[in-house]
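>
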Amino acid sequence: MEIAKYEAAEGDSGLRIDLFISNRCPDYSRSAVQRLIGTGNVTSSGRPVKKNHTVTAGEVFEVTFPEPRSAQSLPQNIPLDIVWEDADVIVINKPRGMVVHPAPGHPDGTLVNALLYHCGDELSGVGGVMRPGIVHRIDKDTSGLIIAAKNDFAHLGLSAQLKDHSLSRIYQAIVCGGFSQDSGTVDAPIGRHASDRKRMSVTQKNGRSAITHYEVIARYNGYTHIQCRLETGRTHQIRVHMAHIGHPVLGDMVYGRKKPEKGLCGQCLHAKQLAFIHPRTGEKISVTSPLPDYFLEILAKLRIEN
Numbered sequence: 541m542e543i544a545k546y547e548a549a550e551g552d553s554g555l556r557i558d559l560f561i562s563n564r565c566p567d568y569s570r571s572a573v574q575r576l577i578g579t580g581n582v583t584s585s586g587r588p589v590k591k592n593h594t595v596t597a598g599e600v601f602e603v604t605f606p607e608p609r610s611a612q613s614l615p616q617n618i619p620l621d622i623v624w625e626d627a628d629v630i631v632i633n634k635p636r637g638m639v640v641h642p643a644p645g646h647p648d649g650t651l652v653n654a655l656l657y658h659c660g661d662e663l664s665g666v667g668g669v670m671r672p673g674i675v676h677r678i679d680k681d682t683s684g685l686i687i688a689a690k691n692d693f694a695h696l697g698l699s700a701q702l703k704d705h706s707l708s709r710i711y712q713a714i715v716c717g718g719f720s721q722d723s724g725t726v727d728a729p730i731g732r733h734a735s736d737r738k739r740m741s742v743t744q745k746n747g748r749s750a751i752t753h754y755e756v757i758a759r760y761n762g763y764t765h766i767q768c769r770l771e772t773g774r775t776h777q778i779r780v781h782m783a784h785i786g787h788p789v790l791g792d793m794v795y796g797r798k799k800p801e802k803g804l805c806g807q808c809l810h811a812k813q814l815a816f817i818h819p820r821t822g823e824k825i826s827v828t829s830p831l832p833d834y835f836l837e838i839l840a841k842l843r844i845e846n
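Per my numbering, the very first residue in the sequence shown carries number 541; after that it's consecutive.
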């Protein structure tokens, strides 16, 4: 069991409690937060809050997260968009809204549950029973490519490539504001937020090296379509770095603006390209994923408004 405290800021005033908590807990869906509220796991001043509670600045909420169930026994027949697969490696095009592995609030319905059904007992055990086969993560509301290992040999080889940066990951995003330059690099260490453990922040204290290279694809009125190449792979790296330089990812209500924009709840961020050296054959593998419908719809809106 895990307990966390969240204090409402001025910008949170007027939000419903379920939206406020889900903004603070990006790994939780709003419906999962509503279940926590309904079971009395969200309190203020020691008392459970009601589902229609409206947040005021300065309020402190305590959230009790139950322990997740083991994913080991939960294979589920969930459709997978398989981009590339062989006996060692599988690359999935993850839809927006799918959680990668079971966690509090998401005991099933995750990518891991789908992989367990598809791959059976072939997945590597390096990541433990909660994350079999998972080499790296992408956030629930980030769409796009993610690689998984079917055995320990492949997992260790791919993990080594993550560490030495030979596993290449390129993302596309729509961010707020305009850039005067066409490209740049954000080199700023990332660590846990000092007061909110569910968030990350740029920090020298306990921060780890984080480098993001970006370039402008297109400029719109108040927004920019960019491409980002990760040199490192810290949690929420692109989202934290873009917010740090004053260009939060559109729809990111954790690190950016606190209310939905352009009808989007959740960051407009897509893992578009992935390249790696096959751990067994040494072959260079490169895969791409087309921009999903939600991303294309936002681009269409921005072109009309431009």
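Cβ coordinates follow ideal geometry from the N, Cα and C atoms, glycine included.
From C808, E602 and F560, pick the residue whose C-alpha is nearest to that of D792; which is it?
Looking up residue 792 in the sequence shown gives position 252. The shortest Cα separation from D792 among C808, E602 and F560 belongs to C808.
> In the DSSP assignment, the beta strand (DSSP E) including F835 goes from what residue to what residue?
The residue given as residue 835 occupies position 295 in the sequence shown. That residue, F835, is in no beta strand (DSSP E); its alpha helix (DSSP H) goes D833 to E845.
> Taking I622 as the reference, which of F601, L651 and A597 has the closest Cα?
Position 82 of the sequence shown, counted from the start, is the residue given in the question as residue 622. Measuring from the Cα of I622, the nearest candidate turns out to be L651.
> DSSP state of F719, grouped into three classes?
As a first step, residue 719 is located in the sequence shown; it is residue number 179 there, counting from the start. Three-state DSSP puts F719 in coil, outside helix and strand.
> Any beta carbon of chain C sitting closer than 7 Å to that of I686?
Absent from the structure is chain C; it holds one protein chain and no more.
> Check whether the Cβ of F601 sits closer than 6 Å to any heavy atom of the ligand SAM, and report yes or no.
Absence of the ligand SAM from the depicted structure is noted, as is the absence of any ligand whatsoever, leaving it without description.
> Specify the secondary structure class of N653 as computed by DSSP and reduced to three states.
For the purposes of this step, residue 653 is identified with residue 113 of the sequence shown, where counting begins at 1. The answer is helix: DSSP assigns N653 an H, G or I state.
> From L559, S571 and K545, pick the residue whose C-alpha is nearest to that of S585; which is it?
Within the sequence shown, numbered from 1, the residue matching residue 585 stands at position 45. Closest by alpha carbon: K545.
> Nearest by alpha-carbon distance to A783: which of P588, I730, E599 and R748 is it?
On the sequence shown, residue 783 is found 243 positions in, with the first residue counted as 1. Checking every option, the nearest Cα to that of A783 belongs to I730.
> Could you tell me the distance, in whole angstroms, from the CA atom of T828 to the CA atom of K812?
Counting from one through the sequence shown, the residue named residue 828 turns up at place 288. Counting from one through the sequence shown, the residue named residue 812 turns up at place 272. Those two C-alpha atoms are separated by around 6 Å.
> Let me make sure I understand the geometry here. Which of G773, E823, I632 and D736 has the alpha-carbon closest to that of E547?
Residue mapping note: residue 547 aligns to position 7 of the sequence shown, counting from 1. E547 has its Cα closest to that of D736, out of G773, E823, I632 and D736.
> Within the continuous beta strand (DSSP E) that includes G660, where are the two ends?
Position 120 of the sequence shown holds residue 660. Per DSSP, G660 belongs to no beta strand (DSSP E) and is neither H nor E.
> Can you give the beta carbon distance from Q712 to Q767, rounded, assuming they're within the 8 Å contact cut?
Residue numbering aside, residue 712 sits at position 172 when the sequence shown is read from its first letter. Residue numbering aside, residue 767 sits at position 227 when the sequence shown is read from its first letter. 5 Å between Cβ atoms; contact.
> Taking the straight line between their C-alpha atoms, what separation do you get for P832 and Q701?
If you number the sequence shown from 1, residue 832 lands on position 292. If you number the sequence shown from 1, residue 701 lands on position 161. In a straight line, the C-alpha of P832 is about 27 Å away from that of Q701.
> Please report how far the alpha carbon of N563 lies from the alpha carbon of C805, in whole angstroms.
As a first step, residue 563 must be located in the sequence shown, where it is residue number 23. As a first step, residue 805 must be located in the sequence shown, where it is residue number 265. Rounded to whole angstroms, N563 to C805 spans 10 Å at the Cα level.
> Assign M740 to one of three DSSP states: helix, strand, or coil.
Reading the sequence shown from its first residue, position 200 is the one you call residue 740. Strand, per DSSP.
> Evaluate R843 with the Cβ neighbour count: other Cβ atoms within 10 Å of its Cβ, from every protein chain shown; 16 or more gives buried, anything less gives exposed.
Working through the sequence shown from its first residue, we reach residue 843 at position 303. It counts as exposed.
> Which of the three DSSP states is assigned to K590 in this structure?
For the purposes of this step, residue 590 is taken as the residue at position 50 of the sequence shown. Coil at K590, not helix or strand.
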